[in-house]
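Report on the structure given below.
Number of protein chains: 2
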Amino acid sequence: MDKYLEDLIEQSEKRIVFLILDGLGGLPLERGGKTELESAATPNLDALAADSECGLHQPIGFGVTPGSAPGHFALFGYQPTDYPIGRGVVAAMGIGFPMKAGDVAARMNFASRDEQGNITDRRAGRIPTDECAGLCELLNQVAISGVEIFIKPVQDYRAVVIFRGEGLSDQVADTDPQKVGVKALDPKALSAAGKKTAGIVKEFISQSLEILKNEKPANALLMRGFAELPHIPSMPELFGLKPLALAVYPDYKGISRLLGMQVIENLSGLDDQLDALKSYWQNFDFFFIHHKYTDSKGEDGNFKGKVAEIEKVDAIVPKILEMKPDVLVVTGDHSTPALLKAHSSHPVPFLIHTPLVSLTRSGGAKEFGERACAGDVWGVIEGTNLIRIALGYAGKLKKYGA
Amino acid sequence: MDKYLEDLIEQSEKRIVFLILDGLGGLPLERGGKTELESAATPNLDALAADSECGLHQPIGFGVTPGSAPGHFALFGYQPTDYPIGRGVVAAMGIGFPMKAGDVAARMNFASRDEQGNITDRRAGRIPTDECAGLCELLNQVAISGVEIFIKPVQDYRAVVIFRGEGLSDQVADTDPQKVGVKALDPKALSAAGKKTAGIVKEFISQSLEILKNEKPANALLMRGFAELPHIPSMPELFGLKPLALAVYPDYKGISRLLGMQVIENLSGLDDQLDALKSYWQNFDFFFIHHKYTDSKGEDGNFKGKVAEIEKVDAIVPKILEMKPDVLVVTGDHSTPALLKAHSSHPVPFLIHTPLVSLTRSGGAKEFGERACAGDVWGVIEGTNLIRIALGYAGKLKKYGA
């Protein structure tokens, strides 16, 4: 964040709520049709939109399709491209593994090799996830003194390894040769700082190959994307906020922790999330409520399912408003049109509601939907601005200059 | 400004007028109501808006509430956070003192001290401004060879001191101990560059204390915020413009001088400003017309008063159009909703009128108002873009590249 903004931060009792429908933005299934959000029966969000300042945002940059982690970084005011996160960390966050400062994570693929040690299949015949999980269990036998090693399945032949110990570094080269018919590469140190870790990784691979030697087809492994947790200033540091995350999925709890939010565990859905919102209302001043399933249904190409998920979130909006947040932002971290079965670069609708705004600039958006938001106050803005606007309207930014 | 833009500057006979209603943006007093600008009867601005490209701007950044000086910096194309202005300079500009390059200004508070020299009141019982002015007069007796010293009242116990001479520097520490019961601090040099100035300030304080010794309650003074005029490239340098400021209030004349504008003195209101516009039309190609009272009424919480001030400005619009400016921009430096009695972070409506625009993009905004502007061409943009757009439409920026 810009240094000058940090100097303007003023703590206050005002409360901000970010209600995030993952992958909210959508597309119509046919020309002239309605998007998922436009199709959904959302009486509460529609009424709120008419009482809010609306617009569309591009989380990372114009034209860019966000992954979930960077999409959320942007929502919380962090330009994701300023905080690149290595592949290993992304994998660890993706399974909700709670990395600590100093940990080094790497992606690991199970692979196949012949008797000469040459790689014959870089994906071990795409073994299913449960087989991958079993192999990860086996590898827990690996023991290296002074280092804790966590080996976790991700999906199919993909796993993630996290090394924890003193003096580790991500300065280690990939072992994946990126082709078959050759041996896996050595985990070379990329700088002096990486020497110790490279040695540990070499030992890890050596012990693992011994354990896997009779497995078929997964008798080898390839590692890449060694990465440490980046140093990211926390939301309390940057914004003076006391932020609380109310998320069900591990990935989003991981992101929240990374940004210095408190995380409530064992929430199973919107009812739990609402209960926690009420319980902790007095103790925090920023609340992140995350709903995953809009994205999941979009990824599945399930238009009606996504519509239904949006309607579930609509139903809880009155209960959030009962808490009288000073600023309520409703939006998504990116678009996931069911039509595309994938994240997309389409701008994401948002609404910013405050009691003051409802006196004021409202009236443009007749409903909460892509087209209605496009015609309202904010036009298309970069996503990192949302929290800035919210802080301004919540009176958490002092006047700049006399 | 971006270096590449400087290279595109092309001088021409085309004339740009910025008509600035200070604190223009507003809020309705009640839900569903109209803002000050929307409530005002502004037939001329409404007709002009329908013939213009409209939008909203955030002068400093999304969510940021601008002070008046940085708000104007942004209007004139200077990102305010790139040109931070020290407290002493702000104070000097605030009373319209014409600082020169190399001057050092500091805030000075009259204070009270006991016989031991310990500060007993950091504000000298909040003496009224006229008493402050009398004391400043007295201090004109201070004489230090090689330095000119200007001592000017600001408000209540607050004054400003400007040192003018060779080799001065703002590297001098505050003397205000920020608490009572202790002596004022020495004006220490903060670096080698500040040594000479620190000595001068020490001598200034010593002579002043002798002059004030029998005064009650103001027998002491505290200094802080030593600041030099920042180096700011002038509008003629940056934009190749010949700019003229037609402002009534000293603060805005000060800002205009700082940016290299010519300033016409002794204007008492809109009629004078219009007369001066006509008189100097042939001699300049950028005209800044400033109306303060929209902001003043907003700060007072006087909704109707602000409406009336907007209507006064509306009445002079036809006379500005008679001059046939090539580009006319009408906007504010920030919002000052009467509802809030303060500057706010709400985006500020603007219109950009040119004969060419009226052939083209017009027709979006049916009136000049927050909501109408929100629905027009430009959406919400950062304030420093306005002068760039105006230069472009005035043909004062060459084509970039072949």
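Going down the list, the protein sequences come from chains P and C.
All letters in the first sequence, in the order written, are residues 283 to 684 by the numbering used here.
All letters in the second sequence, in the order written, are residues 283 to 684 by the numbering used here.
We put the CB at the ideal spot given by N, CA and C, even for glycine.
Per DSSP, Val599(P) has no beta-bridge partner at all. Within the segment 295-327 of chain P, no residue has a Cβ lying closer than 8 angstroms to any Cβ of chain C. Taking a beta-carbon distance threshold of 8 angstroms, Val662(C) counts as an interface residue toward chain P. Here Ile401(P) is actually not in contact with Arg408(P); their C-beta atoms are around 15 angstroms apart, not less than 8 angstroms.
Secondary structure note for Asp403(C): its beta strand (DSSP E) is the uninterrupted segment 401-403. Between Leu638(P) and chain C, the shortest Cβ-Cβ separation is below 8 angstroms. Counted as a single uninterrupted DSSP element, the beta strand (DSSP E) harbouring Ile663(C) occupies residues 662-664. In this structure Pro362(C) is buried. Its beta-carbon is surrounded by 16 or more other beta-carbon atoms within 10 angstroms. Under a 10 Å Cβ-count criterion, Tyr682(C) is classified as exposed, with fewer than 16 other Cβ atoms of the shown protein chains found around its own Cβ. Contact between Leu523(P) and Phe568(P) holds, since their C-beta atoms are separated by about 4 angstroms, short of 8 angstroms. The beta carbon of Lys535(P) is closer than 8 angstroms to those of Gly378, Ala527, Ala529, Val545, Glu547 in its chain, skipping five residues each way along the sequence.
The alpha-carbon separation between Leu603(P) and Asp596(P) amounts to approximately 12 angstroms. For the C-beta of Asp284(P), the chain C residues within less than 8 angstroms are, from N- to C-terminus, Gly343, Thr363.
With a 10 Å radius around the Cβ and a threshold of 16 neighbouring Cβ atoms, Val464(C) comes out exposed. The beta carbon of Val630(C) is closer than 8 angstroms to those of Leu306, Gly307, Leu338, His339, Gln340, Pro341, Thr613, Gly614, Asp615, His616, Ser617, Gly665 in its chain, skipping five residues each way along the sequence. Closer than 8 angstroms to the CB of Val443(C) there is not a single CB belonging to chain P. Counting only unbroken stretches of 4 or more residues, the alpha helix (DSSP H) elements lying wholly within the segment 355-441 of chain P are 369-376, 411-421, in sequence order. With a beta-carbon spacing of about 7 angstroms, Lys678(P) and Ile291(P) fall inside the 8 angstroms limit used to define contacts. If only uninterrupted alpha helix (DSSP H) runs of at least 4 residues are considered, those enclosed by the segment 500-572 of chain C are 517-521, 532-540, 552-561. Listed by position along chain P, the residues whose Cβ is nearer than 7 angstroms to that of Pro352(C) are Tyr682, Gly683. When the beta-carbon positions are compared, Gly399(P) and Asp533(P) stay at least 8 angstroms from each other.
Boundaries of the beta strand (DSSP E) around Thr613(C): 609-613. In this structure, Val386(P) lies near Phe445(P), with their beta-carbon atoms less than 8 angstroms apart.
The Cβ neighbour count for Ala474(P), taken over all protein chains shown within 10 Å, is under 16; the residue is labelled exposed.
Interface criterion not met: the Cβ of Gly677(C) is under 8 angstroms from no Cβ in chain P.
Secondary structure note for Pro325(P): its alpha helix (DSSP H) is the uninterrupted segment 325-331. Looking at the backbone, the Cα of Ala331(P) and that of His635(P) are separated by about 8 angstroms. If you ignore the 5 residues before and after Pro607(C), its C-beta comes within less than 7 angstroms of the C-beta of Arg297, Ile298, Val299, all in its own chain and listed in chain order.
Here Gly345(C) has Ser627 as same chain residues with Cβ atoms under 7 angstroms from its own Cβ, once five neighbours each way along the sequence are excluded. In the DSSP assignment, Gly580(P) falls within the alpha helix (DSSP H) that extends over 575-581. If you draw a straight line from the Cα of Asn326(C) to the Cα of Leu309(C), it comes to about 21 angstroms. A direct Cα-Cα distance of roughly 11 angstroms separates Lys623(P) from Lys588(P).
By alpha-carbon distance to Asp582(C), the top candidate from Leu621(C), Ser561(C), Glu593(C), Phe566(C) is Leu621(C).
The beta carbon of Asn667(P) falls within 8 angstroms of a beta carbon belonging to chain C, placing the residue at that interface. Just so you know, the alpha carbons of Arg539(C) and Asp553(C) end up roughly 22 angstroms apart. Taking a contact to require three or more Cβ pairs closer than 8 angstroms, the segment 449-461 of chain C and the segment 501-517 of chain C qualify as touching.
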